[in-house]
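Report on the structure given below.
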Amino acid sequence: MIEYALLLAPSSNRVYADASGRLARAELAVFARSGVLGTEPADIGERRIGGVPYLTFAAPEPGLGGQDIAYLANLSAAYALFERRGELLRPVELAPLGRYDSDLITIPKYAGKTNEQFTRLLLNITLLASASAPAMLAGGLVVLDPLCGRGTTLNQALMYGHDGLGVEIDNKDVDAYAAFLRTWLKRKRLKHRAELVPVRRERRLVARRFEAVLAPSPEAYRSGATQKVTVLNADTTRLAELLRPACADVIVTDAPYGVAHGSRGAQGLSRSPLELLRAAVPGWTRLLRPGGALGMSWNTHVAQRSAAAEVLAGAGLRVLDGPGYAELSHRVDQGIERDVLVAVAPAPDPGPQPASPPNLRREQASSPDPGR
Ligand SMILES: C[S@@+](CC[C@H](N)C(=O)[O-])C[C@H]1O[C@@H](n2cnc3c(N)ncnc32)[C@H](O)[C@@H]1O
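Heads up: the sequence shown at position 144 corresponds to 144 in the UniProt record's numbering, and the numbers run straight through without jumps.
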C-alpha cells in the first residue's frame, strides 16, 4: 500500500472548529465510494505529523493515478497532498478546478451567506452521488440551487465549469447577486452578456429573470464555449410554469435555518423549513434528470433528520446513507446545528441506445429555458 497525507486548508478549522477532520474524512469516504476513482482510498484516518493534523489514507500499489488526483484535488478542505515515504513527505501536485479567479466566491460577504467551503463540499458529494459523477471534471452540467440567496452555489458551479440555475424569493438578494456578478465580470474584463428581465405569463408578471452568459477567455466566448448563470426571482414552490422538467443534473441547496432567515410560504414566515420542503421538493424532483441527485443542508434544531429524509423519500428520491453521507452533521453557531442529506432520482433507463455525444449533452444542459 502507498500511504498519503492530506493537509487541510487552515480555513477548515474556522468553518467547522473541532469537526473539520471528521467532515474531511466523511467527504473523502464519499469520493472513495463514488466509483469515479481508479484506486479507492482505504484506511481513512487522522494523524498529527510534525505537530500538524493531516487526513491520512492508503491506496494499493502503484498508488493514485492521474485521474484520481484530479478528482481528489477538489476535496473542499484540500490544501496540499503528500505521499508518505517513511518519515518523509513527497508533495503531490494538486490542480483543483478553477475556471475563474477565486474571488468570484470569496468577495461576497453578507449575513446569511452559506460558507463557501461547505458549499463546495455539498456540491462535491451531490455531484458524486449523481449519474453525472464521471462528468464532474469536464464541466457542462446544470447545477440548480432552488433557494440560492446571493448565489454561493451558483458561483461554485461556475468555478467548476458548470452552468448555475438559481431561484430566490427575495428581490434584494437577486438584485445584489446581479449587481455583484456584473461588476465582477467588468472588473475582470471578461467578455459576457447579462440582463435582468421580467417574465410574464398571459401578461401577468410571474418572476424576474437574471441571466448572464460568460466565458473565461475571449476565444472561448467567441467559439460559444460559454457558461450560463440564471437566477429566477420567484417562489421555489411554484416552478412548474417557469422551468422545464429534467433541466438539472444536480440540486444543491442550503435551506433556511429558521433563525434570521425564515422559510417563506403561503402562510408567511415559518421557523421550520419542513413546510417549505414539503411544498417544494416534489416540484424540485421533477426538475432533476434521471439519475440526478439532490444535496441539501438544514438546521436540525428546527427539523429532525428523519423528518427531512421522509420529505425526500416521499417525493420518490432514494436517500443515501452509510459511510460519508451519515457523518456530516456539524455545529455552525449557537442556534444552528447543520446536517446534510443526499438523495438520488431513479437512474436513467439503460436502454439499447448509445450514450449521447458530449456536445449534444452540453447543449441540452445549457438550456434550462426559464422563459418557457
Ligand atoms: C440559507 S439561505 C441560502 C443562502 C445561500 N446559499 C447563499 O450563500 O447566499 C436560504 C434562502 O432561501 C430563500 N427562500 C426562503 N423561502 C423561499 C421560497 N419560498 N422561494 C424561494 N426562496 C426562498 C431565503 O430568502 C434565503 O435567501
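Beta carbons are placed, not taken as given, at the ideal position from N, Cα and C, and that holds for glycine.
- Drop a sphere of 10 angstroms on the beta-carbon of P256, count the other beta-carbons inside from all chains shown, and report buried for 16 or more, exposed for fewer. As a first step, residue 256 is located in the sequence shown; it is residue number 256 there, counting from the start. P256 sits buried, since 16 or more C-beta atoms from the chains shown fall within 10 Å of its C-beta.
- Just the C-alpha distance for G139 and Y160, rounded to the nearest angstrom, thanks. Residue mapping note: residue 139 aligns to position 139 of the sequence shown, counting from 1. Residue mapping note: residue 160 aligns to position 160 of the sequence shown, counting from 1. Taking the straight line from one Cα to the other gives about 6 angstroms.
- State buried or exposed for D333, treating a residue as buried only when at least 16 other CB atoms are found within 10 Å of its CB. Numbered from its first residue, the sequence shown carries residue 333 at position 333. D333 sits exposed, since fewer than 16 C-beta atoms from the chains shown fall within 10 Å of its C-beta.
- Message: Tell me which residues share the same chain as A266 and place their Cβ nearer than 7 angstroms to its Cβ, disregarding the 5 neighbours each side in the sequence.
- Response: By 1-based counting over the sequence shown, the position of residue 266 is 266. Legend: pLDDT at A266 = 48, less than 50; position of this residue unreliable, value from coordinates given subsequently. When the five nearest sequence neighbours on each side are left out, no beta carbon in the same chain lies closer than 7 angstroms to the beta carbon of A266.
- Item | Local Cβ density within 10 Å of Q67, reported as buried at 16 or more and exposed below that | Mapped onto the sequence shown, residue 67 falls at position 67. Exposed.
- Query: Is the beta carbon of I251 less than 9 angstroms from the beta carbon of L274?
  - Reply: For this step, residue 251 is matched to residue 251 along the sequence shown. For this step, residue 274 is matched to residue 274 along the sequence shown. Not a contact, by the Cβ cut-off of 9 angstroms.
- Would you identify the three-state DSSP class for N74, choosing helix, strand or coil? For the purposes of this step, residue 74 is taken as the residue at position 74 of the sequence shown. It is coil, neither helix nor strand.
- Query: For the beta strand (DSSP E) that A5 lies in, which residues bound it at each end?
  - Reply: Counted from its first residue, the sequence shown places residue 5 at position 5. Run containing A5: I2 to L8, per the beta strand (DSSP E) assignment.
- Y110 versus T56: straight-line alpha-carbon distance, rounded: In the sequence shown, counting from the first residue as 1, residue 110 sits at position 110. In the sequence shown, counting from the first residue as 1, residue 56 sits at position 56. Each residue's CA atom was taken as its position, placing Y110 and T56 some 35 angstroms apart.
- Task: Since I believe G112 is in contact with D145 (beta carbons under 8 angstroms), could you give me their beta-carbon distance rounded to a whole number of angstroms?
- Result: The residue labelled residue 145 in the question sits at position 145 within the sequence shown. The residue labelled residue 112 in the question sits at position 112 within the sequence shown. Not a contact, Cβ separation roughly 14 angstroms.
- Query: Is the segment 21-34 in contact with the segment 82-91, if contact means three or more CB pairs nearer than 8 angstroms?
  - Reply: Taking a cut-off of 8 angstroms on C-beta distances, the segment 21-34 does not touch the segment 82-91, as fewer than three cross pairs fall below it.
- Output yes or no for whether 9 angstroms exceeds the beta carbon distance between T253 and T153. In the sequence shown, residue 253 corresponds to position 253, counting from 1. In the sequence shown, residue 153 corresponds to position 153, counting from 1. Between T253 and T153, the C-beta gap is smaller than 9 angstroms, which places the two residues in contact.
- Pull up the distance between the alpha-carbon of Q227 and that of Y71, whole angstroms please. For the purposes of this step, residue 227 is taken as the residue at position 227 of the sequence shown. For the purposes of this step, residue 71 is taken as the residue at position 71 of the sequence shown. Approximately 21 angstroms, taken between the alpha carbons.
- Is the segment 181-200 in contact with the segment 209-217, if contact means three or more CB pairs nearer than 8 angstroms? Counting Cβ pairs under 8 angstroms, three or more are found: they touch.
- Query: Excluding five sequence neighbours on each side, which residues of the same chain lie with their C-beta closer than 6 angstroms to the C-beta of A246?
  - Reply: As a first step, residue 246 must be located in the sequence shown, where it is residue number 246. Once the five neighbours on either side are set aside, the close Cβ partners of A246 are R289.
- Do the CB positions of residue 418 and V229 come within less than 9 angstroms of each other? Residue 418 falls outside the range modelled here, since the chain spans only 1 to 372, and no answer is possible.
- Can you tell me which of the three DSSP states T285 falls into? Start at 1 with the first residue of the sequence shown, and residue 285 comes out as number 285. Residue state, collapsed to three classes: helix.
- Task: Give the straight-line distance between the Cα atoms of R305 and L312, rounded to the nearest whole angstrom.
- Result: As a first step, residue 305 must be located in the sequence shown, where it is residue number 305. As a first step, residue 312 must be located in the sequence shown, where it is residue number 312. So the two alpha carbons sit approximately 11 angstroms from each other.
- Message: Quick check on this structure: which residue in L7, A24 and P60 has the alpha carbon closest to the alpha carbon of L81?
- Response: Residue numbering aside, residue 81 sits at position 81 when the sequence shown is read from its first letter. When each option's Cα is compared against that of L81, the closest is L7.
- Out of curiosity, what's the CA-to-CA distance linking G98 and R204? Locating residue 98 in the sequence shown gives position 98, counting from the first residue. Locating residue 204 in the sequence shown gives position 204, counting from the first residue. CA-to-CA, the gap between G98 and R204 works out to about 40 angstroms.
- Item | For P348: DSSP bridge partner residues | The sequence position of residue 348 within the sequence shown is 348, counting from 1. Answer is none; P348 lacks a bridge partner.
- Query: On the premise that L122 lies in contact with S297, defined as a C-beta separation below 8 angstroms, what is that separation, rounded to the nearest angstrom?
  - Reply: By one-based count along the sequence shown, residue 297 stands at place 297. By one-based count along the sequence shown, residue 122 stands at place 122. About 6 angstroms separates the beta carbons of S297 and L122, which is inside the 8 angstroms limit, making them a contact pair.
- Item | Buried or exposed (CB count within 10 angstroms, at least 16 for buried), N124 | Here residue 124 corresponds to residue number 124 of the sequence shown, with the count starting at 1. The residue is buried, with at least 16 neighbouring Cβ atoms inside 10 Å.
- From P368 to L190, what does the alpha carbon distance come to, in whole angstroms? Looking up residue 368 in the sequence shown gives position 368. Looking up residue 190 in the sequence shown gives position 190. At P368, the pLDDT of 41 sits below 50, so the modelled position is not reliable; the number obtained from the coordinates is stated separately. If you draw a straight line from the Cα of P368 to the Cα of L190, it is about 23 angstroms long.
- Task: Quick one: residues in its chain with C-beta nearer than 8 angstroms to the C-beta of G45, no 5 flanking neighbours on either side, listed in chain order?
- Result: Your numbering for residue 45 matches position 45 in the sequence shown. Once the five neighbours on either side are set aside, the close Cβ partners of G45 are R25, L55, T56 and F57.
- Between the C-alpha atoms of P216 and L158, what's the straight-line distance to the nearest angstrom? Counted from its first residue, the sequence shown places residue 216 at position 216. Counted from its first residue, the sequence shown places residue 158 at position 158. If I take the Cα positions, the gap works out to 10 angstroms.
- Beta bridge counterpart(s) of H301 as assigned by DSSP: Position 301 of the sequence shown, counted from the first residue, corresponds to residue 301. Bridge partners of H301: none, in fact.
- Message: I'd like the span of the alpha helix (DSSP H) that includes Y177, first residue to last.
- Response: The residue you call residue 177 lines up with position 177 of the sequence shown. In the DSSP assignment, Y177 falls within the alpha helix (DSSP H) that extends over N171 to R187.
- Express the C-alpha separation of G149 and P108 in angstroms, rounding to a whole number. The residue given as residue 108 occupies position 108 in the sequence shown. The residue given as residue 149 occupies position 149 in the sequence shown. In a straight line, the C-alpha of P108 is about 11 angstroms away from that of G149.
- Starting from Y54, follow the alpha helix (DSSP H) in both directions and report where the run begins and ends. As a working note, residue 54 is residue 54 in the sequence shown. In the DSSP assignment, Y54 falls outside any alpha helix (DSSP H) and lies within the beta strand (DSSP E) extending over V52 to A59.
- Item | alpha helix (DSSP H) segment containing Q156, residue limits | Taking the sequence shown and counting its residues from 1, the one referred to as residue 156 is at position 156. Q156 -> alpha helix (DSSP H) spans T152 to Y160.
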